[in-house]
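Number of protein chains: 2
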Amino acid sequence: MAESLGIALIGCGTVGTGVAKILTHHANRVTTRTGGKTVAVKRVVARDAGKGRDPAIPSASVGTDWTTAVADPAVQIVVELIGGTTTAKQIVLAALAAGKHVVTANKALLAEHGQELFAAARKAERVICFEAAVAGGIPIIRAMGESLAANQITGIQGILNGTSNFILSSMADNGASYANALTEAQRLGYAEADPTLDVDGSDAAHKLAVLAQIAFGVTAKPSDIEKQGIADIQAMDTRYAAELGYTIKLLAEAWAADKTVALHVAPVLLRKTDPLAQVRGAFNAILVTGDVVGETLYQGPGAGMMPTASSVVADIIDIAVGRAQKTFTAAKLWSGSREFTIVPSEKVRSKFYLRLLVKDEPGTLSEVCRCLANEQISIASVIQHEPLRETEKVVPLVIMTHLAETGRFRTAAAVIDKLTSVAGPAVYFSVDD
Amino acid sequence: MAESLGIALIGCGTVGTGVAKILTHHANRVTTRTGGKTVAVKRVVARDAGKGRDPAIPSASVGTDWTTAVADPAVQIVVELIGGTTTAKQIVLAALAAGKHVVTANKALLAEHGQELFAAARKAERVICFEAAVAGGIPIIRAMGESLAANQITGIQGILNGTSNFILSSMADNGASYANALTEAQRLGYAEADPTLDVDGSDAAHKLAVLAQIAFGVTAKPSDIEKQGIADIQAMDTRYAAELGYTIKLLAEAWAADKTVALHVAPVLLRKTDPLAQVRGAFNAILVTGDVVGETLYQGPGAGMMPTASSVVADIIDIAVGRAQKTFTAAKLWSGSREFTIVPSEKVRSKFYLRLLVKDEPGTLSEVCRCLANEQISIASVIQHEPLRETEKVVPLVIMTHLAETGRFRTAAAVIDKLTSVAGPAVYFSVDD
Chain P
1 MAESLGIALI GCGTVGTGVA KILTHHANRV TTRTGGKTVA VKRVVARDAG KGRDPAIPSA
61 SVGTDWTTAV ADPAVQIVVE LIGGTTTAKQ IVLAALAAGK HVVTANKALL AEHGQELFAA
121 ARKAERVICF EAAVAGGIPI IRAMGESLAA NQITGIQGIL NGTSNFILSS MADNGASYAN
181 ALTEAQRLGY AEADPTLDVD GSDAAHKLAV LAQIAFGVTA KPSDIEKQGI ADIQAMDTRY
241 AAELGYTIKL LAEAWAADKT VALHVAPVLL RKTDPLAQVR GAFNAILVTG DVVGETLYQG
301 PGAGMMPTAS SVVADIIDIA VGRAQKTFTA AKLWSGSREF TIVPSEKVRS KFYLRLLVKD
361 EPGTLSEVCR CLANEQISIA SVIQHEPLRE TEKVVPLVIM THLAETGRFR TAAAVIDKLT
421 SVAGPAVYFS VDD
Chain E
1 MAESLGIALI GCGTVGTGVA KILTHHANRV TTRTGGKTVA VKRVVARDAG KGRDPAIPSA
61 SVGTDWTTAV ADPAVQIVVE LIGGTTTAKQ IVLAALAAGK HVVTANKALL AEHGQELFAA
121 ARKAERVICF EAAVAGGIPI IRAMGESLAA NQITGIQGIL NGTSNFILSS MADNGASYAN
181 ALTEAQRLGY AEADPTLDVD GSDAAHKLAV LAQIAFGVTA KPSDIEKQGI ADIQAMDTRY
241 AAELGYTIKL LAEAWAADKT VALHVAPVLL RKTDPLAQVR GAFNAILVTG DVVGETLYQG
301 PGAGMMPTAS SVVADIIDIA VGRAQKTFTA AKLWSGSREF TIVPSEKVRS KFYLRLLVKD
361 EPGTLSEVCR CLANEQISIA SVIQHEPLRE TEKVVPLVIM THLAETGRFR TAAAVIDKLT
421 SVAGPAVYFS VDD
């Protein structure tokens, strides 16, 4: 008799339904890909067990009590899809203690409790797989952890939040304001009613923390990842960026040098010809730099029922094949490696886009330039148009700098903010050339 | 004592030197990534054993006799990098028979002898790994074989030949003729003195055969893959394509439907906004469509010393970790699967770009259109400029069609070729919208 693996799906919303669909509708395919093992959903745990569900989910298996599901001897793999970090953590620890493997799409859980969970998995001699936790259907976890194993990764630039990318694409393509683009994203289901965690960079920061663990072995606390969201970007910024040949994208970046790594999430101006600049709508993409291979790019759907389920099922198949167990043992993730140290981003050198609203009077440009010069920052170009109306006393001033240390640029910007000729805070983004 | 793996490098040109560099200069990294096993080059086989080499290659280990190297009990993995299909096949079979695992970058060998070699590997209970055989540093073999395991792949579109892509990029960017772009590519080392196998689609066809094996389990003979090279593309074609909003790329394509798959290599017009249209110079990229995940894109360096070595060393690490053995057993590649049948591309539906040189006289356009109409092909747009000089009696005529069956389009083109008002053969490419 062919060996069989039982799955408990804890959480049965969009992604859980997608996983059940694949395992049910494509059962033969999954058996072929595992090399002959059948995989079946034995338990489904949902808040409302009586709710009508997709026919792929056998109603007899649906319950509300995760403890019974996790303890079921017919279950070998627990798939945690409820999100959050409290109950999810209890479920994962209980599953491991009961001798089950775990598959999760929960980046927040990994970012916050990775070390504890992975220690528990090692103790239980079980695995935690998480391809779906970052960039949905894009196999970035395997790419960085296995395919690029000959490399020390030196840089990561990722569009990891589809909501933000959708909003920025609308702003760039249609000249929409941030507020209008957000409303449109909400209307189309790309943004939640409260979009904060997507647009302030929190979601991307969680994902970056997971990628940084794989690439550098560092366990990043939330405070280790500087975050700047997209809410301050104005329609004029996307317009000026375009005028200069750039597109603004929210990037999660990691830059390594001399066994240190700087991690941050921020809007960045990318040349229009940069592959990441071309990534539209809710798609995700990650540009990974390895010291041996150079740059490789991975692009695809970053969320959604079936793309995310594709990654969850790939993990299930990996466990069935026995590959995941080999990877888990060799990779030693969240084991407290001290090879790399996380450093603040202030030492990272970058070009900068600086947009000010200044009083249209003599001497203003000279004052601003002096503030930059005081920090040894030289200017590459300046855009200052005529005021639109003659009565307008405040005009936008855009400056592109040459390479400068982030910390020194911030110092200069803080001084510029205090100039009496400057109305409103400096808006600035780094520029990737 | 930590376990140790010995490597025999058979062939020590560019890629072999790159592999030796990684294993020597980054020995600690490799040991960490294998979970503690050391990996060392024990034998190097080269045509000229006395030749001066990179310091990474210990001269004491260099010889000219592959049989001794393959038989050495200190060797557990044989890395075949000599290319060609005769001696390379003997080496791989001998290595497997001697109980060694094999890593190869040889797409021609796999395309032509995959079935025999994989049968020998299964018999010997050893593995053949080949990440470097397709698209150099891009981990497309793992992506398709492992990461997308939940999917039936339904489409592949790959820029798999860097030489052709370099030439086409030059033609598009600088308006160069094919001949001038080729000369430039040769001067810069992107094209060989005899570029035939690169520019006629043979190299890309070998790589497509390997990808088709992974995606569909089909063993494609050379005649199963229709090939059209880039030598017929004229400067005016890249110009007209640009005028219509397209870029011409040499694509290796696989399209599956109803358990059949069509395989071909040909120039294709891609919308300028298509991610594959943006791939410049010698880079490679593959757009993979899966029935669950949708489209994912993989892009990076398709050749070169270190990118290719990155993939070879990833395979070595996979064998050391034990992952490759699990994959090899489960994937059953080149085992004569009959799930998919290869069909000719004539049934594939596509839009077409048709460029003719026609006599500038009344009735010509009408005649051409009638030939298309006879095959039920409708026309989307026509470009016919004034002749450049009044004395010019032959002018280019460009027609874009709506969707049509490839076979019927070819029939129409053959009829058009015989029209007395048409000077010179029809040049046509499919158009991807």
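Protein chains in written order, with full-length UniProt numbering: chain P, 1 to 433; chain E, 1 to 433.
Note that beta-carbon positions come from the ideal geometry of N, C-alpha and C, so glycine has one too.
On a predicted model such as this, the values are computed, not experimentally measured, just so you know.
Practice problem: Mind checking which residues open and close the alpha helix (DSSP H) that includes N374 (chain P)? | Solution: 364 to 374
Quiz item: Is the beta carbon of K107 (chain E) less than 8 Å from the beta carbon of V210 (chain E)?
Solution: yes
Quiz prompt | Whole-angstrom C-beta distance between V427 (chain E) and R355 (chain E), which should lie under 8 Å | solution = 5 Å
Quiz item: Where do the N-terminal and C-terminal ends of the beta strand (DSSP E) with S345 (chain E) fall, by residue?
Solution: Looking at the DSSP string, S345 (chain E) is not in any beta strand (DSSP E), and its letter there is neither H nor E.
Quiz prompt | Alpha-carbon to alpha-carbon, A150 (chain E) and S310 (chain P) | solution = 6 Å
Exercise. Identify the contact partners of V313 (chain E) in chain B, using a Cβ-Cβ distance below 7 Å as the criterion.
Key: Annotation note: the requested chain B is absent from the structure, which comprises protein chains P and E.
Self-check item: Cβ-Cβ distance between L276 (chain E) and L287 (chain E) below 8 Å
Solution: yes
Exercise. Determine, using beta carbons only, whether K42 (chain E) and V134 (chain E) come nearer to each other than 8 Å.
Key: no
Quiz item: What number of angstroms, rounded off, separates the C-alpha of D65 (chain E) from the C-alpha of A121 (chain E)?
Solution: 22 Å
Exercise. Figure out for me which residue from P:N374, P:H101, P:K359, P:L9 has the closest Cα to the Cα of S421 (chain P).
Key: P:K359
Practice problem: Reducing DSSP to helix, strand and coil, say where F283 (chain E) ends up. | Solution: strand
Quiz item: Taking 8 Å as the CB-CB cut-off, is Y178 (chain P) touching chain E?
Solution: no
Practice problem: Entirely within the stretch 105 to 164 of chain P and at least 3 residues each: give me those beta strand (DSSP E) ranges in chain order. | Solution: 153 to 159
Quiz prompt | Contacts around S4 (chain P), its chain only, beta-carbon distance under 7 Å, and the 5 residues preceding and following it disregarded | solution = K37, T38, A40
Practice problem: Report the neighbours of G16 (chain P) on chain E: residues whose CB is nearer than 9 Å to its CB, in chain order. | Solution: None at all; the shortest Cβ gap to chain E is about 14 Å.
Quiz item: Rounded to a whole number of angstroms, what is the C-alpha to C-alpha distance between K221 (chain E) and L110 (chain E)?
Solution: When rounded, the distance between both Cα atoms is 11 Å.
Quiz item: Between the stretch 410 to 431 of chain P and chain E, which residues of the former have CB atoms less than 8 Å from a CB of the latter, in chain order?
Solution: none
Self-check item: Residue nearest to A303 (chain E) in terms of C-alpha spacing, selected from E:E367, E:V321, E:I159, E:G63
Solution: Ranking E:E367, E:V321, E:I159, E:G63 by Cα distance to A303 (chain E) puts E:I159 first.
Quiz item: Under the three-state reduction of DSSP, which class applies to residue 434 (chain P): helix, strand or coil?
Solution: In the structure as shown, chain P begins at 1 and stops at 433. Residue 434 (chain P) is therefore absent and cannot be evaluated.
Exercise. Determine which residues of the stretch 195 to 226 of chain P have a Cβ less than 7 Å from any Cβ of chain E, and write them out in chain order.
Key: none
Self-check item: Backbone CA spacing between G13 (chain P) and A231 (chain P) [nearest angstrom]
Solution: The alpha-carbon separation between G13 (chain P) and A231 (chain P) amounts to approximately 29 Å.
Quiz item: Does the beta-carbon of P396 (chain P) have 16 or more other beta-carbons within 10 angstroms, so that it is buried, or is it exposed?
Solution: Buried, since its Cβ has 16 or more Cβ neighbours within 10 Å.
Quiz item: For Q299 (chain P), which beta-bridge partners are listed by DSSP?
Solution: P:A285, E:L297
Quiz item: Given A331 (chain P), which residues of its chain have a CB within under 8 Å of its CB, disregarding the five upstream and five downstream residues?
Solution: If you ignore the 5 residues before and after A331 (chain P), its C-beta comes within less than 8 Å of the C-beta of G145, I214, all in its own chain and listed in chain order.
Quiz item: Got a sec? Which residues, its chain only, sit under 7 Å from V279 (chain E) by beta carbon, not counting five neighbours each side?
Solution: I159, N165, A285, Q299
Practice problem: Enumerate in chain order the residues of its own chain whose CB-to-CB distance from V265 (chain P) is below 6 Å, with the five nearest sequence positions on each side excluded. | Solution: G201, A204, A205, K227, A252
Exercise. Please state if the CB of V19 (chain P) and the CB of V312 (chain P) are separated by a distance shorter than 8 Å.
Key: yes
Quiz item: What do you get for E382 (chain E), buried or exposed, if any count of 16 or more other CB atoms within 10 angstroms of its CB means buried?
Solution: The sequence shown places Val at residue 382 (chain E), not Glu. It is exposed - the Cβ of V382 (chain E) has fewer than 16 other Cβ atoms within 10 Å.
Quiz prompt | Candidates E:A49, E:T401, E:V92, E:T308, of which the one nearest G16 (chain E) by Cα | solution = E:T308
Quiz item: Is the stretch 236 to 255 of chain E touching the stretch 361 to 373 of chain E in the sense that three or more CB pairs, one from each, lie closer than 8 Å?
Solution: With a cut-off of 8 Å, the stretch 236 to 255 of chain E and the stretch 361 to 373 of chain E do not count as touching, because too few Cβ pairs lie within range.
Quiz item: In three-state DSSP terms, what is V292 (chain E)?
Solution: In the structure shown, V292 (chain E) sits in coil (DSSP, three-state: anything other than H, G, I, E or B).
Self-check item: Residues, ordered as in the chain, of the stretch 20 to 47 of chain E that lie near chain P by beta-carbon distance below 7 Å
Solution: I22, R29, R33, T34, G35
Exercise. Taking only the alpha-carbon atoms, compute the straight-line gap between V103 (chain P) and I10 (chain P) and give it to the nearest angstrom.
Key: 10 Å
Practice problem: Quick one: grab the DSSP three-state call for T238 (chain P). | Solution: helix
Practice problem: Quick one: give me the first and last residue of the alpha helix (DSSP H) that R29 (chain P) is part of. | Solution: 27 to 33
Self-check item: Contact between the stretch 84 to 103 of chain E and the stretch 122 to 132 of chain E (3+ Cβ pairs under 8 Å)
Solution: yes
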